[in-house]
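Undergrad: Be aware that the sequence shown starts at 72, since it is given in our numbering, and climbs by one per residue.
I have a structure I would like to understand better, so I am pasting it below and will then ask my questions one at a time.
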Amino acid sequence: MSDPLAVIAEMPGVPEAVAEARKAVDRLYGHRVLRRKSPEVSARSALRGARASAALDGADVPLEAVPETADPVVQGALRVSAELGRLGATWRTAPRQVLARLHTLAASGQGEDLGRPRSSTTVPDPLGLGAAPGPEETVARVDGLVGLLTGPTSAPALVLAAVVHAELAVLRPFGSADGVIARAAERLTLVEYGLDPKSLAVVEVGHLELGAAYPRGLRAYLSGTPDGMATWVRHCADAVVLGVRETTAICEAMQRG
């Protein structure tokens, strides 16, 4: 299959969901606040995204408490969020290097062998996805993911981002902080492949607000069926739309002063 992402992009309901997410992002980018304060909105989005990503891994703290909390999951998510803007160009050419850096940032204080693929077959399963693939299969599938990121495709950025997120979430290639890494990689892909170049949409909040649909969507992806994969991509499109709603609220609050 020369372009597997293009096949996923045409699965039932995916084109419509992707188009709806695209329209939502386009509407956001027309907000008048962004003419003057786009960097500030992006910074607030990053903070909310880090908080939501940590909450999805079980470290749920109030937004106002995020900068001061000593929780290692929250602090790891904050470090990852702060670094994403410097990793964009490398993500397109050397994804493994970026993933290693993300793990070093996310898992500091939580695990050993920072930045190195896991060798253990025993991996935490915070989302109830079942046993992770063994180390050899994981390395092979990460190689395939790198090929998707660095190779040509006609698929929309959202489809690529959804597959990146799902593969990292189900493979758990490092054995610690993999959820934070998967969600950061999704946001990075949305930015670098053109859907959200200013990193405004708080897609992590979208996943959090969708509740049980998040692990359910990953389990659907794990089935490997066209319906299961389409279910996951549609979920990610819904998360983008909800993330745009969160950012729009940020803009409205800033506009009111």
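All C-beta atoms in this analysis are idealised placements derived from N, C-alpha and C, irrespective of residue type, glycine included.
Using a Cβ-Cβ cut-off of 6 Å (strictly less than) and excluding sequence neighbours within five positions of Glu280, which residues of its own chain qualify?
TA: Leu313
Undergrad: Pick out whichever of Ala228, Val241, Arg119 and Arg189 has its Cα sitting closest to the Cα of Pro268.
TA: If we check each option's Cα against that of Pro268, Ala228 comes out closest.
Undergrad: Distance check for Gly295 and Gly215, CA to CA, integer angstroms please.
TA: Using only the alpha carbons, I get a separation of about 15 Å.
Undergrad: Can you give, in chain order, each stretch of the alpha helix (DSSP H) that sits fully within the segment 243-296 and has at least 4 residues?
TA: 249-263, 274-280 and 284-293
Undergrad: In its own chain, which residues sit with a C-beta less than 7 Å from the C-beta of Glu342, not counting the 5 before and 5 after it?
TA: With the chain covering only 72 through 328, there is no way to say anything about residue 342.
Undergrad: What's the gap between the Cα of Ser152 and the Cα of Pro244?
TA: 19 Å
Undergrad: For Pro188, is the beta carbon positioned less than 6 Å from some heavy atom of the ligand GDP?
TA: Looking at this structure, you won't find the ligand GDP or any other ligand, since it has none at all.
Undergrad: Roughly how many angstroms separate the alpha carbons of Met300 and Glu87, rounded to a whole number?
TA: 15 Å
Undergrad: Alpha carbon to alpha carbon, what distance is there between Gly180 and Gln146?
TA: 10 Å
Undergrad: Got a sec? Which residues, its chain only, sit under 6 Å from Arg254 by beta carbon, not counting five neighbours each side?
TA: Closer than 6 Å at Cβ, skipping near neighbours: Ser124 and Glu275.
Undergrad: Do you know offhand how far Val315's Cα is from Ala308's?
TA: 11 Å
Undergrad: Cα-Cα, which of Ala178, Ala202, Pro75 and Val311 is closest to Asp97?
TA: Val311
Undergrad: Just the C-alpha distance for Gly205 and Thr192, rounded to the nearest angstrom, thanks.
TA: The alpha-carbon atoms of Gly205 and Thr192 are separated by roughly 5 Å.
Undergrad: Beta-carbon within less than 6 Å of Leu149's beta-carbon, same chain only, minus the 5 sequence neighbours each way: which residues are those?
TA: Ala121
Undergrad: What are the boundary residues of the alpha helix (DSSP H) that includes Leu134?
TA: Careful: Leu134 lies outside any alpha helix (DSSP H) and carries neither H nor E.
Undergrad: In this structure, how does DSSP classify Asp184 when only helix, strand and coil are distinguished?
TA: coil
Undergrad: On the three-state DSSP scale, how would you describe Met300?
TA: helix
Undergrad: Grab me the residues of Val169's own chain with a C-beta within less than 6 Å of its C-beta, minus the 5 sequence neighbours each way, in chain order.
TA: Leu158, Thr161 and Trp162
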